[in-house]
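Undergrad:
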Ligand code: PAD
Ligand code: ZN
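Numbering (the working numbering), first residue to last: 74 to 436.
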């Protein structure tokens with residue numbers, strides 16, 4: 074039997090989101106229906122609402138979530154009703170060219186639910202990142218559910234489902250930060266601060282945080298930045314070089330997604346250093362640079378899709394580190410809010426007032 078629940082829907086480009094009744098089908102083969110316990114508000118939800126990802130409105134927003142498996146498709150054997158899970162948007166297929174080469178974190182054919190959730194009038198919804206978890210219940214592919222230790226509260230665990238994992242992974246997986254590295258992170262929202270926390274976890278010696286908002290820099294220091302730079306007042310590239318013996322950082326992580334900050338990242342790294350772009354640009358953005366700089370500086374220019382994470386490998390491990398007090402995931406939660414407050418949370422995000430607002434649902 075399908076169920077009807079409340080969900081946060083973006084109906085058209087740029088319009089405020091609305092709370093709508095949505096229809097969530099009974100799970101079919103390979104699917105799981107999950108009772109959502111908590112779901113963080115990520116900048117990517119705002120990108121969807123603004124039409125920056127694609128035009129497949131209406132969207133059911135929300136994709137950073139933890140919950141409980143409510144029911145399962147007939148063939149699903151690796152999950153049980155009642156399992157505590159983080160939802161992921163990388164349910165690897167196992168058969169695409171990336172998976173077959175042993176690089177499943179690049180999987181090009183990730184699984185989502187086959188059936189669509191709809192509005193009451195039957196209009197099909199596009200769930201954000203194939204999840205759609207600003208809703209009491211959502212339908213996903215069973216592989217999108219990653220079991221973790223239920224000792225971690227949902228408003229904390231859910232954050233690994235997107236932004237925090239993207240940031241941690243940008244440092245640990247994509248950037249390959251290791252003991253003794255110098256690291257700079259440009260843009261210290263939830264994603265950038267997670268990159269800082271990841272760099273610290275990996276043993277970076279110097280971590281330079283760059284933002285245009287002093288409140289964000291204060292937080293960044295809390296997560297492990299050894300130096301903070303307000304790039305409204307100080308030249309970011311100069312400041313990063315100064316903090317790294319005049320050379321630039323081994324790994325520079327851009328966590329905004331803008332050409333001007335990417336250029337800063339490019340020039341703020343040491344020779345043969347690595348740039349990781351984890352911020353998501355919009356389709357209209359372009360970059361013009363002398364080609365010789367690309368050759369002359371060597372190193373690696375990488376993008377980080379979801380922190381190159383493998384949910385089955387990374388989520389349980391990071392939850393364990395959190396439970397041991399070695400990864401302060403709880404400090405990313407600025408506030409918990411109700412499902413009707415997502416639009417207000419976008420506004421706060423826009424004004425830099427929060428790292429993460431997290432919608433908490435009645436259990
Ligand atoms: P956020 O809005 O919370 O943080 C952005 C931060 O950048 C804020 O602290 C701003 O003050 C700061 N900032 C803005 N402009 C500048 C500037 N010119 N110079 C320095 N700092 C600046 O967003 P977020 O942390 O939730 O997300 C950051 C990006 O990461 C965003 O583009 C989002 O879509 C992307 C993302 N990527 C993935 C992925 O898989 N690659 C996953 C999740 C989110
Ligand atoms: Zn996200």
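Each residue gets a CB set at the ideal place from its N, CA and C atoms; glycine is no exception.
(1) Classify residue 132 as helix, strand or coil using the three-state DSSP reduction.
(2) Return yes when the Cβ of residue 324 is within less than 8 Å of the Cβ of residue 253, no when it is not.
(3) Taking residue 79 as the reference, give the member of 285, 303 and 206 with the closest Cα.
(4) Flag this pair as yes or no: are the beta carbons of residue 65 and residue 255 separated by less than 8 Å?
(5) On the CB-based measure, 16 or more other CB atoms within 10 Å of its CB, does residue 397 come out buried or exposed?
(6) Would the beta-carbon of residue 343 fall within 8 Å of that of residue 317?
(7) Taking any heavy atom of the ligand ZN as the mark, which residues have a C-beta closer than 6 Å to it, listed down the chain?
(8) Regarding residue 199 and the ligand PAD, is the C-beta to nearest heavy atom distance less than 7 Å?
(9) Does the ligand PAD have even one heavy atom less than 7 Å from the beta-carbon of residue 269?
(10) Cα separation between residue 382 and residue 176?
(11) Do residue 257 and residue 237 have their CB atoms nearer than 8 Å?
(12) Who are residue 406's beta bridge partners in DSSP?
(13) Does the distance from the C-beta atom of residue 136 to that of residue 204 stay below 8 Å?
(14) Can you tell me whether DSSP reads residue 215 as helix, strand or coil?
(15) I'd like the list of long-range same chain contacts for residue 156, defined as Cβ closer than 6 Å, with 5 residues on each side in sequence excluded.
(16) Quick one: does the C-beta of residue 286 sit closer than 7 Å to a heavy atom of the ligand PAD?
(17) Would you please state the rounded distance, in angstroms, between the beta carbons of residue 275 and residue 297? I believe it to be under 8 Å.
(18) What does the Cβ neighbour count give for residue 246, buried or exposed, with the cut at 16 atoms within 10 Å?
(19) Any idea what DSSP makes of residue 159, helix, strand or coil?
(20) Using the Cα positions of residue 412 and residue 418, report the straight-line distance between them to the nearest angstrom.
(21) Can you name, in chain order, every residue of its own chain whose Cβ lies under 6 Å from the Cβ of residue 347, other than the five neighbours on each side?
TA: Well, looking at it:
(1) Three-state result, residue 132: strand.
(2) Not a contact, by the Cβ cut-off of 8 Å.
(3) Among 285, 303 and 206, the Cα nearest to that of residue 79 belongs to 206.
(4) Not covered by the structure: residue 65. The range shown for the chain is 74 to 436.
(5) With fewer than 16 other Cβ atoms inside 10 Å of its own Cβ, residue 397 counts as exposed.
(6) A contact, by the Cβ cut-off of 8 Å.
(7) So the residues near the ligand ZN by this Cβ test are 115, 117, 136, 137, 235 and 236.
(8) Of the heavy atoms belonging to the ligand PAD, none sits nearer than 7 Å to the Cβ of residue 199.
(9) The answer is no for residue 269.
(10) Approximately 11 Å, taken between the alpha carbons.
(11) Annotated as distal: residue 257 and residue 237, with beta-carbon spacing of 8 Å or more.
(12) Under the DSSP definition of a beta bridge, residue 406 partners with 429.
(13) Yes; because the gap between Cβ atoms is below 8 Å, this pair is in contact.
(14) Helix at residue 215.
(15) Excluding positions up to five away in sequence, the list reads 142 and 220.
(16) Yes, since a heavy atom of the ligand PAD falls inside the 7 Å radius drawn around the Cβ of residue 286.
(17) In fact, because the Cβ distance is near 10 Å, the residues do not count as touching under 8 Å.
(18) So residue 246 ends up on the buried side.
(19) Residue 159: strand per DSSP, three-state reduction.
(20) Annotation: residue 412 to residue 418 spans about 10 Å, alpha carbon to alpha carbon.
(21) Cβ neighbours of residue 347 beyond the five flanking positions: 248, 324, 372 and 373.
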